[in-house]
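These notes concern the structure reproduced below.
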Amino acid sequence: MSLDAITADELLTKIEARVADDAKALTCLLINTRRQCHDLEPVSVDKEAALVAFRAPGGRVAPLDPDCGWDLVIQAPKTAYRIPVAALAVDARRVRCTLPLEGEVLARRQCERFSASSRNPVQVSIVCRGEACQASLVDFSAVGIGIQQNACCGLNVGDVVEDGVFALRGVPVHFTRAHVAHQKVVDGGIRLGLAFSDLSASDQESITQALVACARARSYVSSMRADG
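For the sequence shown, counting from 1, position 152 maps to 152 in full-length UniProt numbering; every step adds exactly one.
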């Protein structure tokens, strides 16, 4: 898990770029210690004041308590950034967040983990050498997935799989192609790490939506902390 740090000013630059080109690959979430989560769209950035103005996708902002301990989470395709909100101002159509300029913003690749031995494991369908194959999902990130099988489909490191399909939190995920990056024998079967390659725009969109859905279903306070 790679861990990076950027300054608050650099984070504001990323949000500013999201406003300029309306890039949907960058998702902004406002979360608090009560596990409430709101999707927001940035509309303006004042870097000198460290102020970001957001609108809600539906037009109207839900009631927000400024005293709940809010954090801003910026979800990029491969990395998530989390920063506490120094001050929050809310009206009917805008949310304005003032960010602290001191210190660094930690970033980590978001990786969701699953159990292959759970009562209802997430099933992944892939095509290996023209044959359909089933496996259980054990981890998922923006760059690849881990799967576990009771018996291997004859795959080796470097082999290519195609037409991957699974669903998380009601979001269908698909990827056109991936290659076997690593392989090992574990209790209960064989585990394969698949690295995505040649993702289409629709592939990337489905992966991003699933990561956001997973993020909304859990507490960022515990899951977004830096490892170690």
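Where is the CB? At the ideal position from N, CA and C, for every residue including glycine.
May I ask you to list the residues that DSSP assigns as paired with residue i?
i      : result
Arg113 : Asp139
Arg119 : In the DSSP output, where bridge partners are listed per residue, Arg119 has none listed.
Ile162 : According to the sequence provided, residue 162 is Glu. The question's Ile does not apply to it. The partner list for Glu162 (beta bridge, DSSP) reads Val127 and Arg177.
Gly146 : Asp139 and Gly193
Leu29  : Asp39 and Val73
Gln134 : Ser125
Ala167 : Pro172
To the nearest angstrom, how far is the alpha carbon of residue i from that of residue j?
i           : j      : result
Ile143      : Lys14  : The sequence given here has Val at residue 143, not Ile. Taking the straight line joining both Cα atoms gives about 20 Å.
Leu192      : Val180 : 7 Å
Leu3        : Gly164 : With a pLDDT of only 43 at Leu3, under 50, the local geometry of the prediction cannot be trusted, and no value is derived from it.
Gln75       : Cys111 : 12 Å
Ile31       : Ile145 : 26 Å
Arg18       : Ala50  : 16 Å
Phe54       : Gln204 : 24 Å
Asp65       : Glu102 : 24 Å
Pro121      : Leu199 : 25 Å
Arg119      : Val95  : 41 Å
Arg177      : Thr208 : 17 Å
Pro172      : Val52  : 32 Å
Val45       : Leu12  : 7 Å
Asp39       : Ser141 : 20 Å
Ser117      : Asn150 : 11 Å
Ala89       : Cys97  : 7 Å
Arg93       : Ala56  : 7 Å
Gly69       : Pro84  : 8 Å
Glu48       : Leu26  : 22 Å
Glu16       : Asp187 : 47 Å
residue 305 : Cys133 : Within the shown structure, residues of the chain are numbered from 1 to 228, placing residue 305 beyond reach of any answer.
Ile190      : Phe175 : 21 Å
Asp91       : Asp21  : 25 Å
Glu10       : Leu155 : 42 Å
Ser222      : Pro42  : Low confidence applies to Ser222: its pLDDT is 35, below 50, so where it sits in the model is not reliable enough to give any reading.
Counting along the chain, where does the alpha helix (DSSP H) carrying residue i start and finish?
i    : result
Asp9 : Ala8 to Asp21
Can you tell me where the beta strand (DSSP E) holding residue i begins and where it ends?
i           : result
Glu41       : Cys37 to Asp46
Thr176      : Val171 to Val186
Ala50       : Where Ala50 is concerned, there is no enclosing beta strand (DSSP E), given that its DSSP letter is neither H nor E.
Asp71       : Trp70 to Gln75
Ser197      : Gly189 to Ser197
residue 229 : Residue coverage of the chain in this structure runs from 1 to 228, which leaves residue 229 outside it and unanswerable.
Ala89       : Ala87 to Val90
Arg96       : Val95 to Thr98
Q) Does the segment 128–145 come close enough to the segment 154–174 to have 3 or more Cβ pairs within less than 8 Å? A) yes
Q: Inspect the CB distances between the segment 116–131 and the segment 152–161 and report whether three or more fall short of 8 Å.
A: yes
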